[in-house]
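**Student:** Plus 422 on top of the position in the sequence shown (first one is 1) and you've got our numbering. Glycine is no exception: its CB is placed at the ideal position from the N, C-alpha and C atoms. Okay, here's the structure, questions in a sec.
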Amino acid sequence: MAQDFQFVDSTSVDKTTRKLIRSHVMKGKNAGRVLPRRSKLRSDRYQERVLGDERALTQRQPPRTTRIPRNLGSVFLTISLPELSQQSLDIADRYFGYVAEKMYPTRLGLPINEAKAIYLKVMFFDPETSQCSVSLMQAFNEFFLTHGRDSPTALHYLGKTFGIVQQRLESPKALEDSTIGMIISLITQEYIRQQTQTAKLHLEGLKRIVNLRGGLKQFESNPGVLYKICKTEITYCLESGQPQIFYRNSMPQIHKALEANGFELDRQKVISTLLHKNIDSSLEDLLVDVCAMARLFNENKGKQIFDLVSFQEMNITMFSRLLRFHHLNAPKRESNIEAAYHIGMTLFMMIISLQHDNRRILDFPLVTSTLRNVLAEGLGDDEGELTLWLSLLGAIWCIDDPDPSFFHTRIRTMTGRLGLRTWEETENRVRRFPWINFLHGEMGQQVWGDASWSPGGSWSPAVFE
423 MAQDFQFVDS TSVDKTTRKL IRSHVMKGKN AGRVLPRRSK LRSDRYQERV
473 LGDERALTQR QPPRTTRIPR NLGSVFLTIS LPELSQQSLD IADRYFGYVA
523 EKMYPTRLGL PINEAKAIYL KVMFFDPETS QCSVSLMQAF NEFFLTHGRD
573 SPTALHYLGK TFGIVQQRLE SPKALEDSTI GMIISLITQE YIRQQTQTAK
623 LHLEGLKRIV NLRGGLKQFE SNPGVLYKIC KTEITYCLES GQPQIFYRNS
673 MPQIHKALEA NGFELDRQKV ISTLLHKNID SSLEDLLVDV CAMARLFNEN
723 KGKQIFDLVS FQEMNITMFS RLLRFHHLNA PKRESNIEAA YHIGMTLFMM
773 IISLQHDNRR ILDFPLVTST LRNVLAEGLG DDEGELTLWL SLLGAIWCID
823 DPDPSFFHTR IRTMTGRLGL RTWEETENRV RRFPWINFLH GEMGQQVWGD
873 ASWSPGGSWS PAVFE
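Pasting the structure below:
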């Protein structure tokens, strides 16, 4: 069958005819098709990419309602927090399950769930704060659980924090509570790295922000941030020996809180047993309160004496009064007895609040050297019990010291001089000073036992002198 081909001669048509021809040719394939603008195409591609990223993020990071880790538990469900990935939840779970519980001595009856709630509100205030806090928590986890300060993972997470804080300081949120929480996290991380000079620079910035806000009183409505500010500065003062700026004395509130729970600091019982009544009046007043607090714990073992707020107030108040009486870089006091009580109470409070399972972020060498100097200078032949108490606290504080002989020698000498043959007899003597039996007793007995044996492995005759 022959095929005939017909051709359209478009060489001599006008412009309008040519347009109609082209339109007719294209209609078969593209009838009804709408061609969108190029700008609309770009918008659609961007939206598709964003939605795709969000779907991928959701697949990688399940919502927090899928699985709440055990250590966060019901506390996590009672407060409003930003959305967290499962990985962040697991990091927080490890932190609260191992690290945070050691930062609040539960043997003192403290409500750990209350601590978790306050912590979570401060550390997960908004998405930026959450990101910074997760980095801090992971660094802490590495420090306490694995490779300490040299952990590559810890250093990675520490490095992430600085950029986050820098961005916040350059934003309109620079003076907000959440920013202060982030700066405190950064200071803590610098302490982990033993970068105390860098921590000092960050602390100076923190002080300026607090002053721009109008001082500590402006933070009364947010106790979590308030206590973190105070504790961060106290840590720096103990490490550097510098005087305190943010002084806080809440003894009246502490007394009221105790009375509301059916307890009291019985100062009269303590005053009747004081060995020294001719020391500086402000130091004596502080000694009475610290001894009364220790007696309260000893007489109510297993009971919840303080809620978390009162316990924090008590710690901050005692440290503030100690630092106001004498900061560690100040000229030495004339009375070595006063110096002994001051450094002894300082160490007593530090063992309660800054040493966890014999591990601490900072070594506080100035505190240790001050204690050694007081003991080396001597307290006199009549101060055997005071010397024994200081030596026991020093040995507990330096329990992992590779050379504990400085404190062990004095423990051995004093127990022999006082005729103390057993740990029970020894502990009965030091209870006249700040001493919590169930908190200090176990480690105290350990160092007493170590000190009672001579380096050659035999029982030391000094015990029986």
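1. Okay, do the segment 832 to 846 and the segment 732 to 747 touch, 3+ Cβ pairs below 8 Å being the bar?
2. Would Leu680 and Ile540 be called neighbours here (beta carbons separated by less than 8 Å)?
3. What distance in whole Å lies between the Cβ atoms of Leu687 and Ala714, which are believed to be in contact at a cut-off of 8 Å?
4. Answer with buried or exposed for Arg630, where buried requires no fewer than 16 other C-beta atoms within 10 angstroms of its C-beta.
5. Which of the three DSSP states, helix, strand or coil, is assigned to Gly802?
6. Rank Asn795, Asp785, Leu776 by C-alpha distance to the C-alpha of Lys754 and give the top, closest one.
7. Measuring CB atoms only, is the segment 807 to 817 touching the segment 844 to 864, in the sense that at least three cross pairs come out at less than 8 Å?
8. Just the C-alpha distance for Val472 and Ser552, rounded to the nearest angstrom, thanks.
9. Identify the continuous alpha helix (DSSP H) that holds Phe829 and give its terminal residues.
10. Within its chain, find whatever has a CB closer than 7 Å to the CB of Asp702; leave out the 5 residues flanking it on each side and keep chain order.
11. Using three-state DSSP, classify Glu642 as helix, strand or coil.
12. Could you name each continuous alpha helix (DSSP H) segment of 4 residues or more that falls completely within the segment 662 to 728, going from the start of the chain to the end?
13. Straight-line CA distance for Asn758 to Val556?
14. Please report the residue range of the alpha helix (DSSP H) in which Phe770 lies.
15. Would you call Glu476 buried or exposed, if buried means 16 or more other Cβ atoms sit within 10 Å of its Cβ?
16. For Ile602 versus Leu628, is the C-beta spacing smaller than 8 Å?
17. Smallest Cα separation from Gly646: which of Ser600, Leu608, Ile667, Lys723?
18. From Ala561 to Cys652, what does the alpha carbon distance come to, in whole angstroms?
19. Sort Ile513, Leu705, Met767, His578 by Cα distance to Arg615 and report the nearest one.
20. Helix, strand or coil for Phe747? Go by DSSP, reduced to three states.
21. Nearest by alpha-carbon distance to Arg873: which of Ile667, Leu623, Thr848 is it?
22. Taking 8 Å as the cut-off, decide whether the C-beta atoms of Asn751 and Gln664 are in contact.
23. What residue from Gly816, Gly724, Lys543, Gly636 has the CA that sits closest to Lys650's CA?
24. Just the C-alpha distance for Met740 and Arg590, rounded to the nearest angstrom, thanks.
25. Drop a sphere of 10 angstroms on the beta-carbon of Ala798, count the other beta-carbons inside from all chains shown, and report buried for 16 or more, exposed for fewer.
**Tutor:** Taking the coordinates as given:
1. no
2. Working through the sequence shown from its first residue, we reach residue 680 at position 258. Working through the sequence shown from its first residue, we reach residue 540 at position 118. No, the Cβ-Cβ distance between Leu680 and Ile540 is not below 8 Å.
3. Within the sequence shown, residue 714 is the residue found at index 292, counting from 1. Within the sequence shown, residue 687 is the residue found at index 265, counting from 1. The Cβ separation is near 4 Å, so the contact holds.
4. Start at 1 with the first residue of the sequence shown, and residue 630 comes out as number 208. Classification of Arg630: exposed, given that the 10 Å Cβ count is below 16.
5. As a first step, residue 802 is located in the sequence shown; it is residue number 380 there, counting from the start. Three-state result, Gly802: coil.
6. Walking along the sequence shown from the start, residue 754 turns up at place 332. The option with the nearest alpha carbon to Lys754 is Asn795.
7. yes
8. Taking the sequence shown and counting its residues from 1, the one referred to as residue 472 is at position 50. Taking the sequence shown and counting its residues from 1, the one referred to as residue 552 is at position 130. Residue placement at Val472 cannot be trusted, given a pLDDT of 34 that sits under 50; what the coordinates show is reported in the next sentence. Going by the C-alpha atoms only, they are around 23 Å apart.
9. Residue 829 sits at position 407 when you count from the first residue of the sequence shown. That run of the alpha helix (DSSP H) goes 827 to 839.
10. Residue 702 sits at position 280 when you count from the first residue of the sequence shown. Glu760, listed in sequence order.
11. Locating residue 642 in the sequence shown gives position 220, where the first residue counts as 1. Coil, per DSSP.
12. 673 to 682, 689 to 693, 703 to 721
13. Along the sequence shown, one-based indexing puts residue 758 at 336. Along the sequence shown, one-based indexing puts residue 556 at 134. When rounded, the distance between both Cα atoms is 46 Å.
14. Position 348 of the sequence shown, counted from the first residue, corresponds to residue 770. Unbroken alpha helix (DSSP H) run through Phe770: 758 to 775.
15. In the sequence shown, the residue the question calls residue 476 occupies position 54. Model confidence at Glu476 stands at a pLDDT of 34, short of 50, so the residue's coordinates are unreliable; what they give is reported in the following sentence. Glu476 should be labelled exposed.
16. As a working note, residue 602 is residue 180 in the sequence shown. As a working note, residue 628 is residue 206 in the sequence shown. Yes. Within cutoff.
17. Taking the sequence shown and counting its residues from 1, the one referred to as residue 646 is at position 224. When only C-alpha atoms are compared, the closest one is Ser600.
18. Here residue 561 refers to the residue found at position 139 of the sequence shown. Here residue 652 refers to the residue found at position 230 of the sequence shown. About 22 Å.
19. Counting from one through the sequence shown, the residue named residue 615 turns up at place 193. For Arg615, the nearest C-alpha among the options comes from His578.
20. Sequence index remark: in the sequence shown, residue 747 carries index 325 (1-based). Three-state DSSP puts Phe747 in a helix.
21. As a first step, residue 873 is located in the sequence shown; it is residue number 451 there, counting from the start. In the sequence as displayed, the identity of residue 873 is Ala instead of Arg. Residue Thr848 is the option with its Cα nearest to Ala873.
22. Against the sequence shown, residue 751 aligns to sequence position 329. Against the sequence shown, residue 664 aligns to sequence position 242. A contact, by the Cβ cut-off of 8 Å.
23. The residue given as residue 650 occupies position 228 in the sequence shown. Selected option, being the one with the closest Cα: Lys543.
24. Working through the sequence shown from its first residue, we reach residue 740 at position 318. Working through the sequence shown from its first residue, we reach residue 590 at position 168. Each residue's alpha carbon lies about 34 Å from the other.
25. By one-based count along the sequence shown, residue 798 stands at place 376. Counting Cβ neighbours within 10 Å, Ala798 comes out exposed, since fewer than 16 surround it.
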